Amino acid sequence: MARLASKLSELQSEYTVVVVGSGYGGGIAASRLARAGQQVCVLERGREYSPGEFPDTELEAAQASQVTNHQLPNGHLGSKLALFDWHVEPEFNVLTGCGLGGTSLINANVALEADPKVFELPAWPPELRSGTGQHDRLRRGYARAREMLSPTPYPDDWPTLPKLEAHAHAAKQMGERLVRVPISVSFKAHKNPFGVDQAKCTLCGDCVTGCNHRAKNTVATTYLPDAWNHGAQIFCEVEVSRVAARADGRWAVHYTPVGRGAERFEQDGEQVVLAQIVVLAAGTLGSTRILLRSRAAGLRTSTRLGHGFSGNADVIGFGYNNDRRINAVGAGRHPVDPKHPVGPTITAAIDGRTPARSLDQQFVLEEAALPGAIDAIYPWAFEAAAAAYGQDTDPGLLDSISERQRALLSRLLGGARHGAVANTQTYLGMAIDSNNGSLRLDEREQLRIDWPQAEREPIIAALNQHMLAATATLGGTYVPNPLWSNHLQSSLITVHPLGGCSMGVDASVGVTNHKGQVFRGRTGTDTHPGLYVADGAVIPTALGVNPLLTISAVAERSVALLAEDHGWTINYDLHHRPVPPRNPSPPAGIGISFTERMAGFLAPAGPDTTHASAHDQGKQAGNRFAFVLTLVTEDLDATLRDPGKRMHLDGVIEAPWLSPTPLQVSNGRFALLSSDPDHLDTTNMIYEMQLTADDGRSWAFRGVKYVHDDPGPDLWRDTTTLRVVLTEIPHPGGAAPQVFRGLLRIAVSDFAKQLTTMAVTGTEDPVERLHAKTRFGRFFAGELFDTYADVFARPSAFDPTAPLRQRRPLRASAPEIRYFFTSDNVQLCLTRYRGGDKGPVILAHGLGVSSRIFTVDTIDTNLVEYLFAYGYDVWLLDYRASIELAASAQQASADVMGQIDFPQAVAEVRRVTGAPSVQMVVHCFGSTVFFMSMLSGALEGVRAAVASQTAAHVDAAGLVRLKSGLHLPSALNALGVESLTAYTDTDARWYEKLYDKALELYPVQAEERCASASCRRITFMYSLLYEHDQLNVATHDTLHELFGVASVTAFDQLARMVRAQRIVDAEGRDVYFDHPERLAIPLRIIHGAENACFLPAGTQKTIGWLREHNDPDLYSHIVIPDFGHIDCIFGERAAIEVYPHILAHLEANL
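Start counting the sequence shown at 1; every next residue gets the next number (the UniProt record's numbering).
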């Protein structure tokens, strides 16, 4: 199946219809209106997924999660493109899907109709109530949705599923009716009517983490390819913030590209696309949020906007450790076991919607499979929850012994598919709640959910009782949703949010009418022409079943009425195709994108006006011109083959003297380093685009960076200065076009931000992403080599054409990754490997590296594996010096890290573990920060520590003293260099020039010389950090994976310390030696005897100073023969020669 999404650079300025969102409502609107012959554009916030790209491991699942919560510093954690979109509130939690296809990507695809009694509720507009002629339109909507989604029950002749059989037994024992629910899953391999090749279900059980086999009939395999077949344009990774009515009758849809780094620049990146009709289908939360933001910007709406929110009375519960095998954990990364099939996530329901029950007593109780991606957490999580607040339904000595044996079996065998967890049934219950929740915007314009005491509604307790009864028939322990249980906090979770833009007869009771048209004002029935909502947000009541089919039916009905009102005819023939058919785009490969900000001044200019003089004139006139542009290639291979091949660019322009609102970019093209035939030894970077103002005026933009062979640091000036010609595009018969010229430049601070925006597209594999960045960086250097032959050498470097190396798995548990924000709003990361209850011990890395130095897989045993094997609860701290964090691109002193990062990281570990204190192992710069943090009094709760290579006193090697005496970091800072990198292949091309010039003369002992460019740069930046004899070949060849960017601010402070021979603050002041008693803890310092950066005498001075003021027995100092600096951490023999010294100190201070 070809990718459906188009390049964002292909987005036109106006469409007949813009559909926001791509779930059921959005897919239906796009498909039907494209079939009606209209020009349709779909905007989706998430990314497009193909089979094989959905998460199937714990780490991938964590990376595929995003959380919105008002208590977070930015209100959000994780990528806005992440698949699992959690909205967390004290009273209510919501999980929805983010991606092309919306929540259909991660639901169980159960397609049940709502009970007819639901439509008798007075909240529904009369046109949709049961028993009316208009209700027939809804019946046709149901039929059309079923035709497209093809739901069918699990076949009788397919393998028996233990979870289904167990649910049938429970239904019989409870005296209830069991139904095999229709599910939109393919049970045969075929090409569907929309041209999508679908496989048959593998029975893996992982429907809710995304189908990696294309066996689900999601919106992405049905309605959306149908829309694409009929000419709709689909764009992903675009977030719509609001809509605005224009005076000319059109709608302005305000959007921002997601995940491109434009938000890191202080310029509004919001763009606009125009439409005659806008269909909001961004989901219950998304559509409501867009309308709330639109109202805040002036759009008139009903006061009911945000009210009538329902969670569909969703309740999750578990029948744990039953007396029979259930086999309800998905396969995840494991092969599907044909002897023990799981089945689709949901196959059957106990249907309590009987005529004898009133609507408020009806319920549906479905069995479900747990996703295999996070199977490692189930054994201990269920055992702990069952012990804390589970209800054992069959107590007794013999049964208790059997239950304990099964629980032990789950733990010993890694056991989600053995013992107690293999005998666990998962329940999803639904019913009719009061839909008394509400949605609102807070002061940050983020959506909040308010529903006090939602968990206290009687139907919630009733559903838990039904689940308890079902569990009793299987002899298990009932474990309610831990978020609902009073043992934790009272909070519900729903995967079926409804309402917020509810239908009503008029604006006093609803936000939209029965067609989905948005009411204009607080009362009456007037609507905004051309503004519709067509998703779960319009549903005015709970539905009591999985809502996808009803949402689809209502959307089918609304879109049919929309077409009728506009005189359009929808061709519903399933096999209809346009003539000629649309040809699919070639599959997207691996691509690269980065975002750039430039600013300067333009002025009217004649043919002889220079860019520089026009810039000066524009500056005097105040004609400021600035852009934030994202440059993209979807095919890195093609770009590397043909450097002149155009890349795409899009973004926004701010030029208030031309237009009070941002200018929109279209037809953007960027040629990377095209050869200049008119200038000898010169290459060009060419920017071309059309700019359009809100009033329709437009200009042609052409900018060129001339990169030529100049001596000195001109490469920086060449690659950051853009010469611009802006030509007005005249209207027919208008005056001669006006021409502007000028210069735009990249600020040094913006360049640092630009480096952090480079992203790899088309793959989630971290090795492939590293490979792509390396190839792109090498391409830059290779092109510049032809121009700067006297500057660029070609030393041994990472070979991008070599096969990607296979990484060995660590001998440790799956990591638990915790991102958190500091008090100054910097995101840090803690990674936990829980080998036992010893510790907890926090490991802190040095400068220009990350916590990966502790998990190196090229040696037999790394430090994490070593401590894990001895039963330690190991926490890796990536603080703001870590190359794995965006913060490493920013300037920060060691003082800040000591005052903020270390204390708050220790506090977080203590909070999570409940431990009164921690142990720490700190290396190099991390050790320096540790000593500053402890001696300043900022760091508390550390009972013992091991420091590696540095301490409070500094005795530097000769070359380090020389560089510090020459104030090299200060000189680099004066040149505008804010960071140095050990990567040999980098897009920061001016670094290449500085580095290689320095390395030509840099002295290294003969026995330590080598051809590795990364090695040479590491030596230049830090001095030699290891004895080559202590590194094996695999580690040496992968140094580029471990070392990266380090800020010049940190180097400058280290240089001040070298000159002062002790730790000092960023200004060089001696502020850390007044309170030696603050380090009255058991402290061991290890130091490599051959350390060519910091000599052992320095750390020995610290030991002597501390012994003078505190108990001498607290301190020990160990010099490791034949080792240097960082080889004490990842040397080939570190586990034999070094780690035992670390372990002994930790063991002595448990």
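Backbone N, C-alpha and C fix where the C-beta goes; we use that ideal spot for every residue, glycine too.
All values derive from a computational prediction rather than experimental measurement.
Annotated three-state conformation of K705 is strand, per DSSP. Taking C-beta atoms as the reference points, Y320 and E367 fail to come closer than 8 Å.
For C1128, the secondary structure class from DSSP, reduced to helix, strand or coil, is helix.
The alpha carbon of T523 has as its nearest neighbour, out of M647, L305, A422, the alpha carbon of L305. Nearest to T57 by alpha-carbon distance, out of A331, W86, E127, is A331. Under the DSSP assignment, L224 falls outside any beta strand (DSSP E), being part of the alpha helix (DSSP H) whose first and last residues are 223-229.
Selection F363, T720, V826, A36 evaluated against H76 yields V826 as nearest (Cα-Cα). A Cβ-Cβ separation of about 6 Å places N312 in contact with L543 under the 8 Å criterion.
For V511, no alpha helix (DSSP H) encloses it, and the DSSP letter there is neither H nor E. Closest option to V554, judged by alpha-carbon separation, among P540, V896, G567: P540. For T763, the closest of Y15, E634, A232 by C-alpha to C-alpha distance is E634.
Between I570 and A36, the C-beta gap is smaller than 8 Å, which places the two residues in contact.
Going by DSSP, Y378 is part of the alpha helix (DSSP H) stretching over 378-389. For the pair R557 and Q271, the Cα-to-Cα distance works out to about 32 Å. S310 has L498 as its beta-bridge partners, per DSSP. Per the DSSP secondary-structure output, M503 pairs in a beta bridge with T512. Per DSSP, T721 is one residue of the beta strand (DSSP E) stretching across 721-728. Less than 8 Å separates the beta-carbon of G437 from that of A454. Buried is the label assigned to E44, since at least 16 other Cβ atoms lie within 10 Å of its Cβ. Counting C-beta atoms within 10 angstroms of its own C-beta, G1104 has fewer than 16 neighbours from the protein chains shown and is therefore classed as exposed.
Beta-carbon to beta-carbon, V538 and M503 are separated by about 5 Å, close enough to satisfy the 8 Å threshold. Taking a C-beta distance under 8 Å as the contact criterion, G742 and V724 qualify as a contact pair. The beta carbon of H514 is closer than 7 Å to those of P125, E127, L128, M503 in its chain, skipping five residues each way along the sequence. Under the three-state reduction of DSSP output, C829 falls in the strand class. In the three-state reduction of the DSSP assignment, T16 falls in the strand class, which pools E and B. DSSP places L305 outside both helix and strand once states are collapsed to three, so it counts as coil.
Comparing alpha carbon positions, the residue from L1146, P1076, L863, E1067 closest to E1132 is L863. Here Q405 carries a helix assignment [DSSP, helix/strand/coil].
A contact between stretches requires three or more CB pairs, one per stretch, nearer than 8 Å, and the region 834-846 meets this requirement with the region 866-879. Contact between the region 395-402 and the region 353-372 is absent: fewer than 3 CB-CB pairs across the two stretches fall below 8 Å. Excluding the 5 residues flanking it on each side, I183 has same chain C-beta neighbours closer than 8 Å at A108, N109, V110, A111, P151, T152, P153, Y154, P344, I346, T347, in chain order. Taking C-beta separations shorter than 6 Å and ignoring five residues to either side along the sequence, the partners of A887 in its chain run V826, R880, following chain order.
The three-state reading of DSSP puts Y879 in coil, since its state is none of H, G, I, E or B. At the C-beta level, A470 and A170 come within 8 Å of one another. In chain order, A1135, Y1139 place their CB closer than 6 Å to the CB of Y866, counting only its own chain and leaving out the 5 sequence neighbours on each side.
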